[in-house]
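Each residue of the sequence shown is one higher than the one before, starting from -7 at the first, in the working numbering.
Glycine included, C-beta positions come from ideal geometry on N, C-alpha and C.
This report refers to the structure that appears directly beneath it.
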Amino acid sequence: MLVRKSFSKCFYLVRNIHYSKSLKCEESISNSLKELFLSDSEYNKLADHYFRINEAHRCLIIQPYVKWGPKKLDIEPKEQLSEAIALVETLSSWAIVDTMTIPLDTLDRKFLFKSGSMDRIKEIVDNNPRISAIFINSSLLKKSTTLILQENFRKPIFDRYKIVMKILKAHASSKHSKLQVSLAELNYLRKRSEQDLIFKTYTSEALKLLFQEREQKIKAEIENLRKQRTLLRNKRSKMDYPLVAVVGYTNAGKTSIIKALTGEKSLKPKNQLFATLDVTVHEGCLPSGMTVLYVDTVGFITDIPTNLIECFIATLEDALLADVILHVEDLSSKSFHYKRKHVLNILKSLGNQTNSDVSDKIFTIGNKCDLIDNTEDPNIECMHVSAEKGIGLEKLVQELEKFILNKTGRQKITIRVPNGGDEIRWLYKNATILEEVPDIKNNQYILAKVIITAVNIQKFKSYFISK
């Protein structure tokens, strides 16, 4: 199949530039990062107290949901609970003992739950000694609420922010992702420092200084990596390959789509949330033979504090600056429309922060079409594919190529050049050659059908036609 064709030597050049530069980047900041992550013993003590990364638990999952009013979400409680289950299943050392959904009038109640629900939860916890923790799938519980619930149930309480943070810390492998997770962690601890007794052993000035110094270190290192990313983007830009950022809700199958489009065997998609935290670049080939670079990105997720999303803006810069954004959606999700709205809102928000309009360069596809009945939802308007089964991939690359040509200002034109001259050699370096045929009027010339950018057309004219 066309989308799985082998790559030319330029693939290895691009890949080696990407990884060798990344390695040099990481080596250059290695010592300072070691100092950052190993120092600040007082800070690490506080972080361990809150996030308890190495703890294993058998948990009860509680899904609260607002029954009506402006805070009622356009997502079924069962779907919210399914996502909560998926979050916990991503933590290899955790297990789920039981689950429950609880309707609420508001999420702002001091105890969160009414007395009847509190009694019901307590009965479940007391009658099941296997339960060692409770995960309440709500964005960020107030510290006072957490303490009340812990006192009542005598179990540690985890909210959505804490669980997501545990997953991010467990999955962060590169220096960049570790830094971003550390920044998100710091924001959480700073907020909690105003409410928790453990911080009372420190003066407010000492705490302020502790957080401030660490934040400055982290942001300085992130800025260093940002500069390195800019250099890498400039390198890729000089190679003049179209850049396609692959985005979507977490676990929509972004990495699977990239693997299907590139045939890159080293990619190992995982059926878990936040499997990808780092930007990676992978080369593919479009039907015309034109080289394209796919950028894998961190997945989006709803109902987490804005400051946690903001910590990954540096990672998503590559998506915002790409020529095309390939939005991968999970057709099998019951909350398809809710997730679509969330992803588009995040992209719009990030675009506003970076003064870039991304709406007109989004190409949307629905993945996992093999898991649905095509008649299920007539309102789903996007190309249906399955990365797993290979369904619709050939049509996808054809339509994607048309979209890329349009968005990058590339044109398909025929140029008459001397056979074996400097002109054709230049075109091989700076354009995609689709076809070469002899000029029947003069066999010393050939007609080269090419895909070329408007900029390179002008360069070609200045180099060869104006002579």
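Expected contact under 8 Å - CB spacing of residue i and residue j to nearest Å
i, j, result
"glycine 276", "threonine 247", "No, glycine 276 and threonine 247 are not in contact; Cβ-Cβ is about 13 Å, not under 8 Å."
"valine 350", "tyrosine 286", "Wrong, their Cβ atoms sit about 17 Å apart, outside the cutoff."
"valine 271", "aspartate 310", "5 Å"
"valine 284", "valine 236", "6 Å"
"cysteine 460", "alanine 162", "Outside the displayed range of the chain (-7 to 459) lies residue 460, so it cannot be described from this structure."
"phenylalanine 203", "leucine 178", "6 Å"
"alanine 379", "valine 409", "Not quite, the Cβ-Cβ distance comes to about 40 Å (not below 8 Å), so this is no contact."
"lysine 360", "glycine 245", "6 Å"
"valine 429", "isoleucine 405", "That pair is no contact at about 14 Å."
"lysine 460", "phenylalanine 43", "Here the chain comprises residues numbered -7 to 459, so residue 460 is not present and cannot be evaluated."
"serine 325", "lysine 333", "Incorrect: roughly 13 Å between the Cβ atoms, too far for contact."
"glutamine 390", "proline 279", "6 Å"
"isoleucine 123", "lysine 147", "7 Å"
"serine 348", "leucine 312", "5 Å"
C-beta atoms of residue i and residue j nearer than 8 Å
i, j, result
"leucine 79", "isoleucine 159", "yes"
"histidine 274", "isoleucine 250", "yes"
"isoleucine 94", "proline 56", "yes"
"leucine 342", "leucine 308", "yes"
"leucine 388", "isoleucine 357", "yes"
"alanine 252", "leucine 38", "no"
"serine 74", "leucine 99", "no"
"glycine 382", "glutamate 321", "no"
"lysine 353", "lysine 394", "no"
"arginine 152", "isoleucine 296", "yes"
"phenylalanine 150", "valine 117", "no"
"leucine 96", "valine 58", "yes"
"leucine 392", "phenylalanine 355", "yes"
"isoleucine 77", "isoleucine 67", "no"
"lysine 461", "leucine 217", "In the structure displayed, the chain extends from -7 to 459; residue 461 sits before or after that span and is not available."
"isoleucine 444", "arginine 402", "yes"
"asparagine 448", "asparagine 422", "yes"
Under the three-state DSSP convention, the category residue i falls into
i, result
"leucine 15", "Reliability of the predicted coordinates at leucine 15 is poor, the pLDDT of 40 falling under 50, and the value obtained from them is presented with this limitation in mind. DSSP places leucine 15 in helix when its eight states are reduced to three."
"phenylalanine 103", "coil"
"proline 62", "coil"
"glutamate 321", "strand"
"isoleucine 21", "Its pLDDT being 46, under 50, isoleucine 21 is placed unreliably by the model, and nothing is read from it."
"arginine 417", "helix"
"threonine 289", "coil"
"glutamate 47", "coil"
"leucine 30", "With a pLDDT of 43 at leucine 30, under the threshold of 50, the predicted position of this residue should be treated as unreliable, and no value is reported."
"isoleucine 372", "coil"
"lysine 257", "coil"
"arginine 122", "coil"
"asparagine 434", "coil"
"asparagine 243", "coil"
"methionine 196", "Contrary to the premise, residue 196 reads as serine rather than methionine in this sequence. Three-state result, serine 196: helix."
"threonine 222", "helix"
"threonine 294", "coil"
"aspartate 310", "helix"
"aspartate 40", "helix"
"alanine 164", "coil"
"alanine 423", "coil"
"methionine -7", "Model confidence at methionine -7 stands at a pLDDT of 40, short of 50, so the residue's coordinates are unreliable; what they give is reported in the following sentence. In this structure, methionine -7 counts as coil in the three-state DSSP scheme."
Which residues DSSP lists as bridging residue i, in chain order
i, result
"serine 378", "Ile383"
"alanine 440", "Ile407 and Glu428"
"aspartate 362", "Partner(s): none; aspartate 362 has no beta bridge."
"phenylalanine 127", "Ile53 and Phe150"
"glutamate 275", "Leu285"
"leucine 354", "The displayed chain sequence assigns isoleucine, not leucine, to residue 354. Note: isoleucine 354 sits in a beta bridge opposite Ile317."
"arginine 112", "Partner(s): none; arginine 112 has no beta bridge."
"arginine 402", "Thr445"
Enclosing beta strand (DSSP E) for residue i [first to last residue]
i, result
"leucine 235", "235 to 240"
"methionine 92", "87 to 96"
"glycine 343", "Looking at the DSSP string, glycine 343 is not in any beta strand (DSSP E); the run it does join, the alpha helix (DSSP H), is 328 to 345."
Extent of the continuous alpha helix (DSSP H) run through residue i
i, result
"threonine 449", "Checking the sequence, you will find isoleucine at residue 449 rather than threonine. Note, isoleucine 449: alpha helix (DSSP H), 446 to 452."
"lysine 246", "246 to 254"
"leucine 133", "Taken as a continuous stretch (DSSP letters only), leucine 133 belongs to no alpha helix (DSSP H), as it is neither H nor E."
"lysine 70", "69 to 82"
"serine 169", "167 to 184"
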